[in-house]
Amino acid sequence: MEVPILKQGAVLIATFQAALSDADLNQLRMGLVQQVVKFRSRAVIVDVTAMDVMDSFASRTLREIAHMIRLRGAETVIVGIQPEVAFAMVQLGLTLEGVATALDLEEGLAYLNEKFKTTN
Amino acid sequence: MSDGEIRVGINSDQDIVVARQKGRAMANELGFSPGDATLIATAISELARNIVSYARKGKITLKMVNGLNRQGIAVTASDEGPGIPDIRQALRDGFSTSGSLGLGLPGVRRLMDEFEIDSRPGQGTTVAVKKWKQ
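Residue numbers (the working numbering), protein chains in the order written: chain A, 1 to 120; chain B, 1001 to 1134.
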């Protein structure tokens, strides 16, 4: 299952589906970094609203995506972690340290707009 | 199918997704809250991942269980892989031998209500966990 990546100005938006396998996540990691390069994007929003489970592999991949994109000089925001998923992540001891998060897509875009404003 | 047993063969990362979806479906059917269903699905995901990472293949069995005045779900992950030489060490946070996060087993233990592990080097590992409906 492929993750659609939408380009909106300087921001790329990747929307996760519920049933992503490890292979899908790895593919997305490469795809996102390549597209950040191709479009000279300044930020990536990863929308995980539909994700039913965030296990150790998924959260490690998200952290890696954010770090790779930071090395390209762009910013990553993870949006839409569901309350139950957040609870399970905490129980599992998973963190997304050093990665920006926001409530939903709208909040994520607002966060980036604010950030770009201050850096301009 | 409410008291039937569901078995999912775990041979690839795709099967991890199948196993956790079946687990969530069973939890929903048994009347678990969405929050608990997510904890169960997450635990299944971690157990299935351990099978793929360490043993390559195995199976996950899902079963309804009846306790005293309560119902629950029993998840058993079994493989005939290399086994865990030091179980106590494997149950400590931060321990891993496959370059993963190493949070698998202690995390699963926190997600579920009951946790049992049986592992013999060279013969395989069986992890049996249960979650009771609140």
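Yeah, the Cβ is synthetic: ideal placement off N, Cα and C, and Gly gets one too.
- Uninterrupted beta strand (DSSP E) stretches at least 3 residues long and entirely within the stretch 1013-1071 of chain B occur at 1058-1067, given in chain order.
- In the three-state reduction of the DSSP assignment, I5/A falls in the strand class.
- Burial of V85/A is indicated by the presence of at least 16 other C-beta atoms within 10 angstroms of its C-beta.
- The beta-carbon separation of L62/A and L96/A, rounded to 6 Å, stays under the 8 Å limit for a contact.
- Taking CB atoms only, L92/A has a neighbour in chain B less than 8 Å away.
- Annotation for I65/A: L28, R29, L32, V33, V44, V46, T76 place their beta carbon closer than 8 Å to its own, counting only its chain and skipping 5 residues before and after.
- When C-beta distances to chain B are compared with 9 Å, the residues of the stretch 78-106 of chain A below that value are Q82, P83, E84, V85, F87, A88, M89, Q91, L92, G93, L94, in chain order.
- Secondary structure at R29/A: helix, using DSSP grouped into helix, strand and coil.
- If you look at T15/A, you'll find it in the beta strand (DSSP E) that goes 11-15.
- Residue environment for V53/A: buried (at least 16 other C-beta atoms within 10 angstroms of its C-beta).
- Every alpha helix (DSSP H) stretch that sits fully inside the stretch 41-99 of chain A and reaches 4 residues is listed by chain position as 56-71, 83-92.
- Within the stretch 3-34 of chain A, the residues whose Cβ lies closer than 7 Å to any Cβ of chain B are, in chain order, A19, S21, D22, A23.
- For R1120/B, DSSP records a beta bridge to G1124/B.
- With its beta carbon less than 8 Å from one in chain B, F57/A belongs to the interface.
- K117/A has its alpha-carbon roughly 45 Å from the corresponding atom of S1012/B.
- Around the beta carbon of I1016/B, a 10 Å sphere encloses 16 or more other beta carbons of the protein chains shown; the residue is thus reported as buried.
- Counted as a single uninterrupted DSSP element, the beta strand (DSSP E) harbouring I1006/B occupies residues 1005-1010.
- Taking 8 Å as the upper bound for CB-CB distance, I13/A and L20/A are not in contact here, some 16 Å apart.
- Contact residues of the stretch 39-66 of chain A toward chain B are D52, V53, M54, D55, S56, F57, A58, S59, R60 (C-beta to C-beta distance below 9 Å).
- L94/A sits close to S59/A, with the two beta carbons spaced by under 8 Å.
- Straight-line spacing of the CA atoms in T49/A and I81/A works out to 6 Å.
- DSSP, read as helix, strand or coil, puts A110/A in helix.
- Using a Cβ-Cβ cut-off of 7 Å, V1017/B is close to A19, S21 of chain A, given in chain order.
- For S1078/B, DSSP records a beta bridge to K1059/B, T1126/B.
- In the DSSP assignment, R1110/B falls within the alpha helix (DSSP H) that extends over 1104-1111.
- Per DSSP, A1090/B is one residue of the alpha helix (DSSP H) stretching across 1087-1090.
- The beta carbon of Q1134/B does not come within 8 Å of any beta carbon belonging to chain A, so the residue lies off that interface.
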